[in-house]
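Under the working numbering, the residues of the sequence shown are numbered 43 to 319, in order.
Ideal placement from N, C-alpha and C gives every residue a C-beta, glycine not left out.
For reference, the structure discussed in these notes is given below.
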Amino acid sequence: MIKLVLTDIDNTLVPLGNESATEHAIAGVHALLDAGIHFGPATGRDLDGMERFFRGDADCYATGLISNGKLVYLNGELVKANYLDHAGVERLCEYLRPFEDSFALLRANETDYTYSAHPDVLNELVEGGVLDENTPDLAEVPEADIVACTVVCMGDEEKNKQIVSDLAELCSNFELLSPTTGVYDVVPVGWNKATALQHLCDLMGISLDAVCVFGDSENDVPMLKAVPNSVAVANSMPSAAEAARWHIGASVDDAVADALFEIAEASLAGRLPSFMQ
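Next up, the structure:
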């Protein structure tokens, strides 16, 4: 039986552009919790983002994998923190400095920063609602634990590929995973959503057979491959769709929310949900 459900957020539980999960989705989370099943996000975003996406309902993210699994929470407690190598982040940021259309977005001290971003790019992202207008732009990497680093490339596809290739060589202790076009999450080599999930399962005393995960993008692939009951939404990247065992409708149709209700109902009835049969 399923004991833990984790889902990616952007373009999986929450369609791109939406400010939060639907009331239906949040009700689905509580249906799981009421059935004795742990639920949580498995996301590249931080806890501040979870508060917004779940409309301040902390029960929805008391357990989960935050910042691509670099922070692992269980029942509201931080049980694992795996920060990025500071020297590696400095090398990455220094490489990006000359580019006018690419920059790094960092998170440290519970604050988001941009690093040497071109003013025109910052204005464009602020106007598009991607960045808060008060996000500090730094000339140096802060002397603090770096919990997240995202490389944003706004050039053409070939240029972006070259940047990613160069960074992979320059920062061999990092892996760059893309949740969407032109955006690359930086994670330590050997640590991702899948390894973080295994750590969480060990703490919960459950096997991966008792887990169901939902995803749509490249940074979900390790997790989708690791879990027998992995699910891709219809709008998934090809790599995520191929990695998943099961497939459901699109994020925009609240397909994950429907699946949450199915899992809860099936668990109480002692059977598997219909999309796993």
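- Residues L148, Y155, T156, Y157, S158 of the same chain have their beta carbon placed closer than 8 Å to that of L180, with the five preceding and five following residues left out of the count.
- Counting every other CB atom within 10 Å of its CB across the protein chains shown gives T237 a total of 16 or more, marking it as buried.
- Minimum Cα-Cα distance from T64 among the listed residues R287, G98, L46 corresponds to G98.
- In this structure the segment 166-181 does not lie against the segment 116-129, because fewer than three pairs of beta carbons, one per stretch, are closer than 8 Å.
- Sequence-distant Cβ neighbours of C213 in its own chain, meaning closer than 7 Å and more than five residues away, are G130, R133, L134.
- Its chain contains M196, G197 as the residues whose beta carbon lies nearer than 6 Å to that of D143, once the 5 sequence neighbours on both sides are disregarded; these appear in chain order.
- Here the C-alpha atom of N277 lies approximately 30 Å from the C-alpha atom of G312.
- One alpha carbon belongs to P270, the other to N234, and they sit about 17 Å apart.
- Separation of the CB atoms of S259 and A282 is rounded to 6 Å, and the pair is thereby assigned contact status at 8 Å.
- The closest CA to that of M279, considering only A104, P83, G257, is found on G257.
- The way I'd put it, the segment 158-172 doesn't touch the segment 105-114; fewer than three beta-carbon pairs between them come closer than 8 Å.
- Assigned with DSSP and collapsed to three states, P221 falls in strand.
- Restricting attention to L164, N202, E217, the CA atom closest to the CA of A190 is found in E217.
- Under the three-state reduction of DSSP output, V47 falls in the strand class.
- Per the coordinates, the alpha-carbon of L138 lies some 12 Å from the alpha-carbon of Q204.
- Beta-bridge partners of T85 (DSSP): none assigned.
- Using a Cβ distance threshold of 7 Å, L55 and A67 count as a contacting pair.
- Partner residues in a beta bridge of I248, as assigned by DSSP, do not exist.
- In the structure shown, the three-state DSSP call for C135 is helix.
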